[in-house]
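First the structure, in the form of C-alpha cells, and then the observations on it.
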Amino acid sequence: MPKVGRRCNFSMLVFSGSSNQTLAKNLAKELGTRLGKIELSRFSNDEARVWINETNPGRIVVLVQSLSAPTDEHLVEFCLIGDALQRLGVKRIIAVIPWLGYSKQDKIFRPGEPLSVKVIAKMLQVIPLEKVITFDLHNLAIPGFFEVPVVNLSGRKVFREYCRKLVTDKTVIAAVDAGSVKSSERFSEDLGGVPLVYMNKVRDLVTGKVVYKSMSEPVEGKTVLIKDDLISTGNTLVEAAKFLKQNGAETIDVCATHHLYVPGAQEKLDQSPLNQIMVTDTIELKSKSKKLKVISVAKMIAEEIAA
Numbered sequence: 142m143p144k145v146g147r148r149c150n151f152s153m154l155v156f157s158g159s160s161n162q163t164l165a166k167n168l169a170k171e172l173g174t175r176l177g178k179i180e181l182s183r184f185s186n187d188e189a190r191v192w193i194n195e196t197n198p199g200r201i202v203v204l205v206q207s208l209s210a211p212t213d214e215h216l217v218e219f220c221l222i223g224d225a226l227q228r229l230g231v232k233r234i235i236a237v238i239p240w241l242g243y244s245k246q247d248k249i250f251r252p253g254e255p256l257s258v259k260v261i262a263k264m265l266q267v268i269p270l271e272k273v274i275t276f277d278l279h280n281l282a283i284p285g286f287f288e289v290p291v292v293n294l295s296g297r298k299v300f301r302e303y304c305r306k307l308v309t310d311k312t313v314i315a316a317v318d319a320g321s322v323k324s325s326e327r328f329s330e331d332l333g334g335v336p337l338v339y340m341n342k343v344r345d346l347v348t349g350k351v352v353y354k355s356m357s358e359p360v361e362g363k364t365v366l367i368k369d370d371l372i373s374t375g376n377t378l379v380e381a382a383k384f385l386k387q388n389g390a391e392t393i394d395v396c397a398t399h400h401l402y403v404p405g406a407q408e409k410l411d412q413s414p415l416n417q418i419m420v421t422d423t424i425e426l427k428s429k430s431k432k433l434k435v436i437s438v439a440k441m442i443a444e445e446i447a448a
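Here the sequence shown stands for residues 142 to 448, numbered as in the numbering used here.
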C-alpha cells in the first residue's frame, strides 16, 4: 500500500461540501494534495448554488460530504457538486460519505413507507461514482443498495489505538443494550480481552423511558468503557451512566464513531456521570463541551484511497 502523507504528491484533488470541511482539509493533508477550489452559497430563494473554480480538476477526484443535519441540504449539495465536476471532465468520483444519512431508515415497518436508504443510494449515484467510503453502517445490507463498491470502515481502529493507554486492571467494557453486544465483544478483543459487563435495559411502554434493571457483573471500583456506533439523543447513554455510577463505577468513558449532535443531546451528556466522550470526526464538531475528545479518521480514509 502506498504511503500517505505530505510527501505522497497524490494527484487527486479533494473537494468538500459544506458538511465536514475540517475532515476534508485533514484528508487532503494526509494524501499530500490540496482542496479543490469551490464556492458554496445560496440563492435568495434558498436554493443551493455551487461553483467549481478549477479549470482542470482531473479525471478522478475525492468528494467529501457527510449527510448530517441539515441532511437534505447536504444531499442536494453533494449531487450538485458531483454534476459540476462531471461537466468539467471528471470521469470518476471517490465519494467519502463518513456518515450516511437515512441509514437508520433501512426497513419498512408498515405499508405505505419508503425504503428510504435505498432511495438515497439511488440519488447519490446520479453522478459517476468510483466507490463510496463510509463508516459503521447501521445495517450491513446497505451496500447492496449501491451499484458501486461500498467500503464500510470501522471506527474501532482509531479507538483501539487511543484506548489502549486507558486500560488498567480495573477496566471493564459495558454493553449497554442488546444492539451493542457484538460491538462491545469485538472491542474487548481489540483491547486484549478486557472483561465484559452486560447490562439489562428495558423501556417503559407508557413513558418510553429507558430503565436499567441489572447487570451481569459488579462494577464497584471499576473504570468502565462503553463502545457504541452512534450517539443520537443520548438518552440510553445517560441512563446507563447513572446506573453504572449508582452501582459504584469509578469512571465511565464512551467511544462512539458518530455523534449526530441532536439538539439537547450534548447538554444531557454533559450533565451525566460520563467522564469522557470519545467520538470521531465523521460529523463536524458542533459542541465546545470539555467532555468531548475528537479522534480523526482522516488517516484511515487516506489509506483506503491510496491502497
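Ideal placement from N, C-alpha and C gives every residue a C-beta, glycine not left out.
Here the structure is a predicted model, which means the values were calculated and not measured.
Notebook entry, point to check: If you compare alpha carbons, which of Ile274, Leu332, Arg344 is closest to Arg305?
Noted result: Leu332
Check: Would Ile454 be called buried (16 or more neighbouring beta carbons within 10 Å of its own) or exposed?
Finding: Because the chain spans 142 through 448 in this model, residue 454 falls outside it and cannot be assessed.
Next item on the list: Measure the beta-carbon distance from Gly375 to Leu410 and round it to whole angstroms, keeping in mind my assumption that it falls under 8 Å.
Entry: About 5 Å separates the two Cβ atoms, so the contact holds.
Check: Between Leu378 and Glu195, what straight-line distance do the alpha-carbon atoms span, to the nearest angstrom?
Finding: 45 Å
Check: How big is the Cα-Cα spacing for Val438 and Ala381?
Finding: 27 Å
Item checked: From Asn388, Gln227, Arg183, residue whose alpha carbon lies closest to that of Pro414 -> Asn388
Next item on the list: Count the other C-beta atoms from every protein chain shown that fall within 10 angstroms of the C-beta of Asn197, then say buried if there are 16 or more, exposed otherwise.
Entry: exposed
Next item on the list: Work out the CA separation of Pro359 and Ile436 for me, nearest whole Å.
Entry: 30 Å
Margin query: According to DSSP, Lys323 sits in a beta bridge with which residue or residues?
Written below: Answer is none; Lys323 lacks a bridge partner.
Checklist line | Touching by the beta-carbon criterion (3+ pairs, under 8 Å), the segment 275-283 and the segment 235-245 | finding: Verdict: yes, contact present.
Note to self: Taking 6 Å as the limit between beta carbons, can you name the residues of its chain near Asp369, skipping five residues before and five after?
What the structure shows: Ser321, Ala397
Check: With which residues is Thr364 paired in a DSSP beta bridge?
Finding: Thr312, Thr392
Next item on the list: Look at Leu204 and Ile222 and say whether their C-beta atoms are less than 8 Å apart.
Entry: yes
Checklist line | Arg291 versus Val202: straight-line alpha-carbon distance, rounded | finding: Correcting the residue type first, residue 291 is Val in the shown sequence and not Arg. Using only the alpha carbons, I get a separation of about 16 Å.
Next item on the list: Could you give the DSSP three-state label for Asp331: helix, strand or coil?
Entry: If DSSP states are grouped into helix, strand and coil, Asp331 belongs with the helices.
Check: In this structure, does DSSP put Asn341 in helix, strand or coil?
Finding: strand
Margin query: By the three-class DSSP mapping on this structure, what secondary structure does Arg233 have?
Written below: strand
Next item on the list: Return the CA-CA distance between Val217 and Gly334, expressed in angstroms with no decimal places.
Entry: 44 Å
Checklist line | Proximity below 8 Å, CB of Ile234 to CB of Ile268 | finding: yes
Item checked: Residue closest to Met340, alpha-carbon to alpha-carbon, out of Thr364, Gln206, Ile314 -> Ile314
Checklist line | Which of helix, strand or coil DSSP assigns to Met264 | finding: Residue state, collapsed to three classes: helix.
Checklist line | Range of the contiguous alpha helix (DSSP H) that encloses Tyr303 | finding: 297-304
Notebook entry, point to check: Which value, in whole angstroms, describes the spacing of the CA atoms of Glu254 and Gly349?
Noted result: 23 Å
Margin query: Glu444 and Asn161 - do their beta-carbons sit closer together than 8 Å?
Written below: no
Note to self: What residue range does the alpha helix (DSSP H) around Arg228 cover?
What the structure shows: 212-228
Next item on the list: Reducing DSSP to helix, strand and coil, say where Asn293 ends up.
Entry: Asn293: strand per DSSP, three-state reduction.
Item checked: As assigned by DSSP and simplified to three states, the class of Met441 -> helix
Note to self: By the DSSP assignment, the alpha helix (DSSP H) with Ala382 in it spans what residues?
What the structure shows: 376-387 is the span of the alpha helix (DSSP H), which, as asked, contains Ala382.
Next item on the list: Could you name each continuous alpha helix (DSSP H) segment of 4 residues or more that falls completely within the segment 150-208, going from the start of the chain to the end?
Entry: For the segment 150-208, whole alpha helix (DSSP H) runs of length 4 or above, ordered along the chain, are 162-172.
Next item on the list: Please name the residue in Ile418, Leu172, Leu433, Phe328 whose C-alpha comes closest to that of Ser295.
Entry: Phe328
Check: Do Tyr303 and Met441 have their C-beta atoms within less than 8 Å of each other?
Finding: no
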